[in-house]
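See structure below.
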Amino acid sequence: MHARGFRRIAALAVATAAPLGFGLATAPAASAAAATTVYYSSAGAPDYVAQIDQGAANWNAAVSDVQLVKDEGKATVVIHEVNSGGSYTQTDGHGNGDVYLDTSQVAEGYDPTRIAAHELGHNLGLPDHYSGPCTELMSGHGPGTSCTNAKPDAQESAKVQQLWANGVRAAGTRVTTTVY
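Last residue of the sequence shown: 573 in our numbering, with the numbers rising by one and none dropped.
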């Protein structure tokens with residue numbers, strides 16, 4: 394008789410708590426660290442908006458501790474079109490900077506999505522590695538115009554994850570200016 398009374402009370406508690414969103418039988422869930430959002434603007438590069446967005450999407454698919462989101466009003470990374478001098482970035486490597494996408498490099502045959510993703514990689518804290526293979530996004534123009542890979546490799550993704558662990562950009566090498 395005592396057990397039946399306890400079961401009725403427990404059932405009543407669950408029936409009352411469930412609609413209110415209380416989970417009586419579950420342990421509290423571990424809260425995942427929120428990703429840092431780095432906002433970018435492609436308004437200054439109107440001929441390459443789709444390629445810039447794809448480059449950002451490639452990074453977003455490869456890392457979780459930082460995400461690139463287009464927002465012209467909140468942008469801390471601003472992308473511009475230029476017509477000479479090579480594509481380059483001026484950044485602190487902490488999600489703040491200016492990207493200059495050179496249209497003459499695109500005319501030479503370099504892939505604009507690769508250029509955009511590469512330059513965004515600098516804003517996430519990665520340096521150039523021109524001697525790397527095409528599979529390394531940060532090898533930039535090193536592999537030549539036939540290289541169209543616009544996705545970071547596993548090591549590049551892991552490094553960005555390490556730099557932005559728990560949604561906070563960890564101290565590291567300062568990236569100031571690079572040329573694609």
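Glycine is no exception: its CB is placed at the ideal position from the N, C-alpha and C atoms. Nothing here was measured: the structure is a model prediction, and the numbers come from that model.
Would Ser387 be called buried (16 or more neighbouring beta carbons within 10 Å of its own) or exposed? Shown here, the chain extends from 394 to 573; a query on residue 387 therefore has no answer.
Would you report the Cα separation of Val462 and Asp491, rounded to the nearest angstrom? Val462 and Asp491: Cα-Cα distance of roughly 15 Å.
So which of Asp458, Leu530, Glu512, Ser524 has the shortest CA-CA distance to Gln548? Leu530
In angstroms, rounded to a whole number, what distance separates the CA positions of Thr429 and Ala558? 9 Å
Beta-carbon proximity check, Ala543 vs Gln460, cutoff 9 Å: no
Pairwise C-alpha distance: Asp458 and Leu417: Unreliable positioning characterises Leu417 in this predicted model, as indicated by a pLDDT of 38, which lies under 50. The coordinate reading is nonetheless provided below. Taking the straight line from one Cα to the other gives about 31 Å.
Can the beta-carbon of Thr469 be found closer than 9 Å to that of Gly488? yes
Can you list, in chain order, the residues of its chain with a C-beta nearer than 6 Å to that of Gln444? Leave out the 5 residues immediately preceding and following it. Pro505, Thr506, Ala509
Could you check which residue in Gln498, Val553, Leu519 has the C-alpha nearest to that of Gly537? Gln498
Segment limits, alpha helix (DSSP H) that includes His511: 505–516
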